[in-house]
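The structure appears below as structure tokens.
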Amino acid sequence: MADTQARSKPLPEADEASRPFYDGALAGRLMLMRCDDCGTVRLPSRRHCDRCLSTETTWVQASGRGSVRTFAVMHRVYHPGFADEVPYNIAVVELAEGPRIVSNLVGVSNADIRLGMPVEVEWERHNDVALPKFRPLTSDR
Amino acid sequence: MPHPMRGATAITGLGMTPMGRVFGKSATELAADAVRLAIADSGLRKEEIDGLLTNAGVTGTAGHGIGLPLQNYLGLANLRLLNHMNAAGSTAAQMVQYAALAIAAGMANNVVCVFADTPLQEGTSSGAAYGGAARNPGRPRGMAGLYAAAGFFGANTSYALATRRHMALYGTTHDQLGTIAVGQRQWATMNPSAQMREPITLEDYHASRWIVEPLHLLDCCLVSNGAVAVIVSGAERAESLRQPPAFVLGMGQGHPGDVQRAGVEAETETGAKLAAETAYRMAGVGPDDVDICQLYDCYTYTVLVTLEDYGFCKKGEGGPFVEDGRLAPGGALPTNTGGGELSGYYMWGMTPLSEAVIQARGQGAERQVAKHDVVLCTGNGGVLSYHGCLILSPHRS
Ligand SMILES: [Zn+2]
Numbered sequence: 008m009a010d011t012q013a014r015s016k017p018l019p020e021a022d023e024a025s026r027p028f029y030d031g032a033l034a035g036r037l038m039l040m041r042c043d044d045c046g047t048v049r050l051p052s053r054r055h056c057d058r059c060l061s062t063e064t065t066w067v068q069a070s071g072r073g074s075v076r077t078f079a080v081m082h083r084v085y086h087p088g089f090a091d092e093v094p095y096n097i098a099v100v101e102l103a104e105g106p107r108i109v110s111n112l113v114g115v116s117n118a119d120i121r122l123g124m125p126v127e128v129e130w131e132r133h134n135d136v137a138l139p140k141f142r143p144l145t146s147d148r
Numbered sequence: 016m017p018h019p020m021r022g023a024t025a026i027t028g029l030g031m032t033p034m035g036r037v038f039g040k041s042a043t044e045l046a047a048d049a050v051r052l053a054i055a056d057s058g059l060r061k062e063e064i065d066g067l068l069t070n071a072g073v074t075g076t077a078g079h080g081i082g083l084p085l086q087n088y089l090g091l092a093n094l095r096l097l098n099h100m101n102a103a104g105s106t107a108a109q110m111v112q113y114a115a116l117a118i119a120a121g122m123a124n125n126v127v128c129v130f131a132d133t134p135l136q137e138g139t140s141s142g143a144a145y146g147g148a149a150r151n152p153g154r155p156r157g158m159a160g161l162y163a164a165a166g167f168f169g170a171n172t173s174y175a176l177a178t179r180r181h182m183a184l185y186g187t188t189h190d191q192l193g194t195i196a197v198g199q200r201q202w203a204t205m206n207p208s209a210q211m212r213e214p215i216t217l218e219d220y221h222a223s224r225w226i227v228e229p230l231h232l233l234d235c236c237l238v239s240n241g242a243v244a245v246i247v248s249g250a251e252r253a254e255s256l257r258q259p260p261a262f263v264l265g266m267g268q269g270h271p272g273d274v275q276r277a278g279v280e281a282e283t284e285t286g287a288k289l290a291a292e293t294a295y296r297m298a299g300v301g302p303d304d305v306d307i308c309q310l311y312d313c314y315t316y317t318v319l320v321t322l323e324d325y326g327f328c329k330k331g332e333g334g335p336f337v338e339d340g341r342l343a344p345g346g347a348l349p350t351n352t353g354g355g356e357l358s359g360y361y362m363w364g365m366t367p368l369s370e371a372v373i374q375a376r377g378q379g380a381e382r383q384v385a386k387h388d389v390v391l392c393t394g395n396g397g398v399l400s401y402h403g404c405l406i407l408s409p410h411r412s
């Protein structure tokens with residue numbers, strides 16, 4: 008593997024199940040799966056609804072808003088692509104629609120992150136993929 | 016009426032290889048060493064072993080762990096019970112449970128449960144062994160790719176997120192978490208099998224480097240090569256064997272599930288609660304009756320949250336509960352008396368189980384707790400996802 012490739016951050020690529028999510032991301036839309044039978048909204052692109060096990064599903068656009076459920080600050084370099092980033096935050100955001108997503112918070116210093124902080128999605132664009140990041144909505148810092 | 020499983024079986028043999036940076040033997044060879052030691056310890060003849068349960072550790076994920084072929088490596092013929100089990104860190108307790116149920120049902124007589132793992136390679140760090148997806152070449156695919164893209168690697172991150180939530184919700188402090196680490200190190204200084212035997216202070220804890228904040232290095236367990244085996248036998252047979260039996264008074268499991276959606280409190284409320292209900296009822300005891308705890312301690316926080324879910328204190332009060340040194344030598348609730356996974360050795364669920372057997376037998380030498388009638392032993396796997404427990408005692412009834 009070329010050295011430059013080893014040093015870049017891992018960029019995900021869609022598989023068949025997650026393609027609507029990543030296609031939506033490129034268009035600036037945060038997409039979730041909603042069960043046609045019971046209305047439960049889920050994020051991981053699973054064929055079955057975890058509540059009623061139905062496979063009838065529609066992808067829907069989420070509001071993009073949520074709140075910080077919990078967060079951590081990474082100090083170790085487990086992947087060379089993050090060597091220049093440490094210490095960086097990792098957050099679990101609970102979306103307004105219910106599902107939780109793992110991401111990073113932007114526009115806030117690690118010391119100012121609080122649980123429950125309202126956040127909104129913004130997109131970090133790369134060549135062929137866009138990644139959801141979250142920015143605090145209010146500036147109570 | 017006592018529960019029919021209460022005291023029906025006992026752990027009759029214990030075998031432990033050297034553990035830690037132990038090189039030059041495969042997982043299979045280490046497992047065979049542990050089984051040989053356990054059989055010798057019990058006084059059973061090898062021909063009396065009619066059950067084998069295996070658990071491979073992280074080596075299993077990598078594809079070269081122990082499994083069903085171990086039967087033939089050990090030359091065990093005509094087994095009545097055989098399985099390869101995996102519920103991560105809760106497997107050790109679950110192997111003993113399966114063995115106990117099978118023995119009580121008349122399906123087998125003496126069942127070996129063995130764990131072996133070789134995550135460490137010469138010249139590599141402990142972190143490398145459990146770094147997870149960070150090692151994978153190429154682009155991560157699908158939704159799971161969001162984790163790698165966010166720089167989320169391995170269990171350290173997951174437990175940091177859980178620990179943070181408990182700290183934020185309940186005011187749990189680093190002093191309180193550090194007290195757990197310091198106390199367990201005190202125990203480890205008295206355990207010849209422990210990897211880390213130099214005493215540490217709370218200052219050392221605070222000064223240890225961040226791994227994933229809020230986890231310091233000294234919040235995190237060790238990584239070890241090695242193997243541990245136990246033998247489960249019927250109570251009658253146990254009483255005629257070489258060692259003081261560690262009777263199984265109670266056992267339980269709890270797996271809360273996490274669909275990663277609003278309404279689930281997976282970070283701070285664990286399967287230990289369900290497991291405790293079942294095990295306490297079976298054993299006819301409650302938290303006030305427990306003399307010694309051996310709690311799965313992949314992180315300091317795991318100890319704290321497990322204490323809450325077993326009812327030793329209320330939810331959220333784990334911090335104040337531990338901060339007076341209650342878990343350390345001389346404390347009111349001796350816990351992880353061999354140093355645990357933080358300071359002793361990391362053999363998944365076999366770490367708490369091996370020390371539980373040692374203490375129940377009264378063979379802890381310098382670190383033996385005087386009152387050892389009821390020993391609680393827990394196993395935790397995944398990210399507080401899977402939980403199994405045993406309540407052991409030197410007394411059958
Ligand atoms: Zn449904």
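These protein sequence lines are chains A and B, in that order. Going by this note's numbering, the first sequence runs without a break in its numbering and finishes at 148. Going by this note's numbering, the second sequence runs without a break in its numbering and finishes at 412. Glycine included, C-beta positions come from ideal geometry on N, C-alpha and C.
Hey, would you say residue i sits closer than 8 Å to residue j, going by beta carbons?
| i | j | result |
| --- | --- | --- |
| glutamate 20/A | glycine 166/B | no |
| threonine 65/A | aspartate 43/A | yes |
| alanine 133/B | serine 41/B | Alanine is not the amino acid found at residue 133/B; the sequence shown has threonine there. Yes, the pair counts as a contact, with Cβ atoms nearer than the cut-off. |
| alanine 294/B | proline 409/B | no |
| threonine 172/B | glutamate 338/B | no |
| glycine 326/B | alanine 291/B | yes |
| leucine 310/B | proline 367/B | yes |
| glutamate 101/A | glycine 73/A | yes |
| alanine 49/B | alanine 244/B | yes |
| histidine 86/A | phenylalanine 168/B | yes |
| alanine 71/B | isoleucine 81/B | yes |
| histidine 82/A | arginine 60/B | no |
| cysteine 236/B | tyrosine 361/B | yes |
| arginine 76/A | arginine 107/A | yes |
| glycine 22/B | arginine 296/B | no |
| leucine 176/B | valine 99/A | yes |
Less than 7 Å separating the Cβ of residue i from some heavy atom of ligand 1?
| i | result |
| --- | --- |
| cysteine 236/B | no |
| arginine 53/A | no |
| threonine 178/B | no |
| threonine 47/A | yes |
| arginine 276/B | no |
Shortest alpha-carbon distance to residue i belongs to which of the options?
| i | options | result |
| --- | --- | --- |
| serine 239/B | Gly30/B, Ile26/B and Val37/B | Val37/B |
| arginine 257/B | Cys404/B, Gly326/B, Arg376/B and Leu135/B | Arg376/B |
| valine 111/B | Thr317/B, Gly364/B, Cys235/B and Leu83/B | Gly364/B |
| alanine 385/B | Leu357/B, Ile307/B, Thr315/B and Ser369/B | Ile307/B |
| threonine 418/B | Arg26/A, Arg49/A and Ala79/A | Since the first and last residues shown for chain B are 16 and 412, residue 418/B lies out of range. |
| glycine 267/B | Ala46/B, Thr283/B, Ala371/B and Leu116/B | Leu116/B |
| leucine 419/B | Gly157/B, Leu83/B and Gly359/B | This structure gives no information on residue 419/B, because the portion of chain B shown stretches from 16 to 412. |
| arginine 185/B | Leu357/B, Asp273/B and Glu284/B | In the sequence as presented, arginine is not what sits at residue 185/B; that position holds tyrosine. Nearest C-alpha to tyrosine 185/B: Glu284/B. |
| alanine 102/B | Leu407/B, Cys404/B, Leu405/B and Gly397/B | Gly397/B |
| leucine 357/B | Asp303/B, Gln201/B, Val129/B and Gly28/B | Gln201/B |
Go ahead and label residue i buried or exposed: buried means 16 or more other beta carbons lie within 10 angstroms of its beta carbon, across all protein chains shown.
| i | result |
| --- | --- |
| glutamate 231/B | Looking at the sequence shown, residue 231/B is not glutamate but histidine. Looking at its Cβ environment, which holds 16 or more other Cβ atoms inside 10 Å, histidine 231/B is buried. |
| threonine 47/A | buried |
| methionine 182/B | buried |
| asparagine 395/B | buried |
| serine 248/B | buried |
| glycine 301/B | exposed |
| valine 197/B | buried |
| glutamate 218/B | exposed |
| valine 389/B | buried |
| alanine 9/A | The pLDDT assigned to alanine 9/A is 38, lower than 50, so where the model puts this residue is not dependable, and the model offers no usable value. |
| arginine 142/A | exposed |
| threonine 74/B | buried |
| valine 126/A | buried |
| arginine 154/B | exposed |
| threonine 315/B | buried |
Assign residue i to one of three DSSP states: helix, strand, or coil.
| i | result |
| --- | --- |
| alanine 13/A | With a pLDDT of only 49 at alanine 13/A, under 50, the local geometry of the prediction cannot be trusted, and the value read off the model is given with reservation. Three-state DSSP puts alanine 13/A in a helix. |
| tryptophan 202/B | helix |
| threonine 69/B | strand |
| methionine 158/B | coil |
| aspartate 304/B | helix |
| valine 50/B | helix |
| lysine 386/B | coil |
| glutamate 129/A | strand |
| alanine 42/B | helix |
| glycine 288/B | Correcting the residue type first, residue 288/B is lysine in the shown sequence and not glycine. In the structure shown, lysine 288/B sits in a helix (DSSP, three-state: H, G or I). |
| phenylalanine 89/A | helix |
| phenylalanine 141/A | strand |
| glycine 73/A | strand |
| histidine 181/B | helix |
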